[in-house]
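Positions 20 to 211 (the working numbering) are the ones given, in order, by the sequence shown. Cβ coordinates follow ideal geometry from the N, Cα and C atoms, glycine included. Computed from a predicted structure; not experimentally measured. Step one of this worksheet: look at the structure below.
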Amino acid sequence: MSMLRLAPDCPSPYCDDVRMIRAFIRDTDEDGHRAEIPIGWWCPRCGWLVNDITGEKIIAIHDTLIALHDRPEDRGWEGLKDPGCVETWVYLWNNYWVCQQNIYRKAAWFLEVVTNGHGFWQGNKRTAYTATDVLILRANGYIFDADAEEVDRFMVTLADLDDDGNSRYTLDEVEEWIRANTKRIDLFSVLA
């Protein structure tokens, strides 16, 4: 017997008593297998997306990337370095950042904190970039649109902390880079 999860009401003050619908990103791998990744709840009236960012999703993205790339330097260094980091990222996202309207600012914060939080032994930059792309940008109708060399250059510089342990980029600079390196996508075609 399957259980139906009741959809929440839209949190927007303009959508009284509108039930949200489950939002998915659908993708097909190179073998033609289709996958649906639940990304949150979407309001059909105002387009508000309440995204489910969880520690489990961030860890799953990390573990998938480590297995997929199979780099020699990753072997033996799989898994979490600091579970408290991931819990903190999710807590801060759910209690502060999710309420912010500027998607670029939200993505900039998430990209920087996951890159430099070092919650994992290896793959922090890859996890930060992919989780930001999938859980925040794509879930809100955007996608990264930068070539691999530019992404590598930016992510390596972002992860290179100064002597005081601070990022070499300000949050404004990270936001500016994301604005310049993303494009709008048709969310309806992604969710269809």
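From the options, residue whose alpha carbon lies closest to that of residue i
i: D205; options: I197, L190 and R157; result: R157
i: Y148; options: I155, L130, A79 and G136; result: L130
i: R90; options: Y110, E195, Q141 and V133; result: Q141
i: Q119; options: I155, L84 and T134; result: I155
i: N143; options: D171, A165, G160 and R124; result: D171
i: I122; options: E168, G160 and T83; result: G160
i: I78; options: E92, R94, T189 and K100; result: K100
i: P102; options: I197, E194 and H137; result: H137
i: W196; options: E97, V132, D93 and R124; result: R124
i: E184; options: V193, V132, D93 and W96; result: Before going further, note that residue 184 is Gly rather than Glu in the sequence given. Nearest C-alpha to G184: V132.
Local Cβ density within 10 Å of residue i, reported as buried at 16 or more and exposed below that
i: A199; result: exposed
i: R145; result: buried
i: A211; result: Its pLDDT being 44, under 50, A211 is placed unreliably by the model, and nothing is read from it.
i: Y110; result: exposed
i: K202; result: exposed
i: T134; result: buried
i: M22; result: Note that M22 scores 35 on pLDDT, short of 50, meaning its location in the model is unreliable; the coordinates nonetheless yield the value given after this. The residue in question, M22, is exposed, as its Cβ has fewer than 16 Cβ neighbours within 10 Å.
i: L84; result: buried
i: R24; result: With a pLDDT of 45 at R24, under the threshold of 50, the modelled position of this residue cannot be trusted; read the value that follows with caution. By the 10 Å Cβ count, R24 comes out exposed.
i: Y115; result: exposed
i: E168; result: exposed
i: H194; result: The amino acid occupying residue 194 in the given sequence is Glu; His does not appear at that position. Classification for E194: buried.
i: W96; result: exposed
Beta carbon of residue i nearer than 8 Å to that of residue j
i: H81; j: F139; result: yes
i: T151; j: A178; result: no
i: W128; j: L180; result: no
query: Touching or not, the segment 70-82 and the segment 97-109, by the rule of three or more beta carbon pairs under 8 Å?
result: Contact annotation: the segment 70-82 touches the segment 97-109, with at least three C-beta pairs closer than 8 Å.
Exercise. Entirely within the segment 69-148 and at least 4 residues each: give me those alpha helix (DSSP H) ranges in chain order.
Key: Counting only runs of 4 or more residues that sit fully inside the segment 69-148, the alpha helix (DSSP H) segments are 74-88, 102-114 and 122-136, in chain order.
| message | Threshold first: 3 residues or longer. Then list the beta strand (DSSP E) segments lying entirely within the segment 156-188, N to C. | response | Listed in chain order, the complete beta strand (DSSP E) runs (minimum 3 residues) inside the segment 156-188 are 161-163.
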